[in-house]
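Protein chains in written order, with our numbering: chain A, 22 to 384; chain B, 38 to 136. Where is the CB? At the ideal position from N, CA and C, for every residue including glycine.
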């Protein structure tokens, strides 16, 4: 490599070094810059990090997953025990329930995520069903209570959750691997619950206990937080917890990751992005450069598995000089289409309004 | 030139090692004492809240264990409302990728 190329490369990386955006230094909350979310599998070192509290890293020799509650045979399983069971894997999107909160108006308290509390990864481990079958779940146990090892101070409510047994048996995984390497500590090592199609609050990290029960878990993070209005109101309206239900599936959404800032009338330009939903697949992504009056289909990438995102690209020809605004909207495999405006809710969950980019078109 | 650019690259902090500094004004000391035990100042500096929302948030944090005297509560709420109101703009610290 000659000196000029070297300087050129250095300059380019210095202008745009790979980086994460720190939303909270402790407990760690890190956002991925949107323009870096261009891979089908988001690299682990760029994957967003969401923590409610600082975990205690266990000694793997003594670490056990406890399975108790409504079961015939309570279990304590080591990682080696789990690894002897049939391997399961899935590639799917993980999105924080609050991704996009920083774009909501009027604003509300919470981590002010913008675009990048989302990523797509290959998760490998065992099926929750296989583990629960070994313990033998009693009839009538309808909720799987999940517990991590992060143990908050003072009177801070612990982050404890439950999910419907039906969902956990359907396609949930206990993962010890992320994108082919052992699960990194900030992503929940040694074991994390994978809940395809559902928001990140269900994906318990630093998992230590599973407990089937008749009733759902109670506590702040079930009864007050992570709830969605039964009948959403106008922006600014606050509902009581009983007027809301636990938030589950992701909302259909697409983002533009790659677009030029300035172009000329003589070119065709590459626009790229990703799209996902709580439904297993994306049916189409469309682009508009006339404020949503007309839409043209983007090309979907072939790579996919249920609840993974779809990368897409679009070849755009500018229609006239001046400032162009490109919009992207996705439609999922169940026919739900991304709305122009997101559904405002008091905690700012599941932002999915149309994403736009502005491009300067020179004659 | 090259060295300068490399120095810029190397200057990205590791996640969780550098935090936003809160602006100096009345109430900062009370905030530092009451809030830094459980989260870094970044979490405060990114909020865009009305005085009413800040009051509810500070009261929630006091219930959860924030060490703030009842007599210092208003000073803290005023500080947060003055600096981190609805018009607040926040640029997160850029950190290195996380191995």
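Which of helix, strand or coil DSSP assigns to residue i
i                      : result
residue 274 of chain A : strand
residue 23 of chain A  : Bear in mind that a pLDDT of 39 at residue 23 of chain A, under 50, signals an unreliable position, so the number given afterwards is only what the model happens to contain. Reduced to three states, the DSSP call for residue 23 of chain A is coil.
residue 311 of chain A : coil
residue 66 of chain B  : helix
residue 40 of chain A  : coil
residue 29 of chain A  : Annotation note: pLDDT 38 at residue 29 of chain A (below 50); position unreliable, coordinate value reported separately. Residue state, collapsed to three classes: helix.
residue 112 of chain B : helix
residue 70 of chain A  : strand
residue 120 of chain B : helix
residue 324 of chain A : coil
residue 60 of chain A  : coil
residue 177 of chain A : coil
residue 234 of chain A : strand
residue 128 of chain A : coil
residue 65 of chain A  : helix
residue 210 of chain A : coil
residue 262 of chain A : helix
residue 122 of chain A : helix
residue 97 of chain A  : strand
residue 35 of chain A  : Any reading at residue 35 of chain A needs caution, since the residue's pLDDT is 45, under 50, leaving its predicted position unreliable; the model's value is listed next. In the structure shown, residue 35 of chain A sits in a helix (DSSP, three-state: H, G or I).
Residues that DSSP places opposite residue i in a beta bridge
i                      : result
residue 55 of chain A  : Answer by DSSP bridge pairing: none, since residue 55 of chain A is not bridged.
residue 113 of chain A : A:142
residue 379 of chain A : A:346
residue 297 of chain A : A:274
residue 158 of chain A : A:92
residue 351 of chain A : A:306
residue 169 of chain A : A:228
residue 19 of chain A  : Past the edges of chain A, shown from 22 to 384, lies residue 19 of chain A, and the structure says nothing about it.
residue 292 of chain A : A:335
residue 364 of chain A : Paired residues: none, contrary to the question.
residue 318 of chain A : A:307
residue 358 of chain A : A:352
residue 219 of chain A : A:270
residue 126 of chain B : DSSP lists no partner for residue 126 of chain B.
residue 54 of chain B  : DSSP output for residue 54 of chain B lists no bridge partner at all.
residue 279 of chain A : A:293
Endpoints, the beta strand (DSSP E) within which residue i is located
i                      : result
residue 335 of chain A : 331-337
residue 284 of chain A : 283-285
residue 249 of chain A : 248-250
residue 87 of chain A  : 86-88
residue 196 of chain A : 194-199
residue 131 of chain B : 130-132
residue 214 of chain A : 213-215
residue 243 of chain A : Counting along the chain, residue 243 of chain A falls outside any beta strand (DSSP E), though it belongs to the alpha helix (DSSP H) covering 241-244.
Cβ-Cβ distance between residue i and residue j below 7 Å
i                      : j                      : result
residue 69 of chain A  : residue 131 of chain A : no
residue 167 of chain A : residue 219 of chain A : no
residue 78 of chain B  : residue 59 of chain B  : yes
residue 305 of chain A : residue 359 of chain A : no
residue 92 of chain A  : residue 158 of chain A : yes
residue 377 of chain A : residue 338 of chain A : no
residue 189 of chain A : residue 229 of chain A : no
residue 308 of chain A : residue 319 of chain A : yes
residue 80 of chain B  : residue 40 of chain A  : no
residue 57 of chain A  : residue 49 of chain A  : no
residue 258 of chain A : residue 380 of chain A : no
residue 165 of chain A : residue 184 of chain A : yes
residue 116 of chain A : residue 130 of chain B : no
residue 66 of chain B  : residue 105 of chain B : no
residue 143 of chain A : residue 200 of chain A : yes
residue 296 of chain A : residue 351 of chain A : yes
residue 196 of chain A : residue 146 of chain A : yes
residue 272 of chain A : residue 348 of chain A : no
residue 114 of chain A : residue 249 of chain A : no
residue 112 of chain A : residue 326 of chain A : yes
residue 76 of chain B  : residue 312 of chain A : no
Check: residue i C-beta below 6 Å from any heavy atom of the ligand ATP
i                     : result
residue 47 of chain A : In terms of ligand content, the structure shown is empty, and the ligand ATP therefore cannot be addressed.
Where the alpha helix (DSSP H) containing residue i begins and where it ends
i                      : result
residue 99 of chain B  : 88-101
residue 182 of chain A : Where residue 182 of chain A is concerned, there is no enclosing alpha helix (DSSP H), although the beta strand (DSSP E) it sits in stretches over 182-185.
residue 80 of chain A  : Looking at the DSSP string, residue 80 of chain A is not in any alpha helix (DSSP H), and its letter there is neither H nor E.
residue 104 of chain A : 100-104
residue 82 of chain B  : 78-82
Quiz item: Is the region 104-122 of chain A in contact with the region 78-88 of chain B, if contact means three or more CB pairs nearer than 8 Å?
Solution: no
Quiz item: Do the region 250-263 of chain A and the region 361-369 of chain A meet, that is, are 3 or more Cβ pairs less than 8 Å apart?
Solution: yes
Quiz item: How about the region 74-81 of chain A and the region 206-218 of chain A: do they share at least three Cβ pairs that are nearer than 8 Å?
Solution: yes
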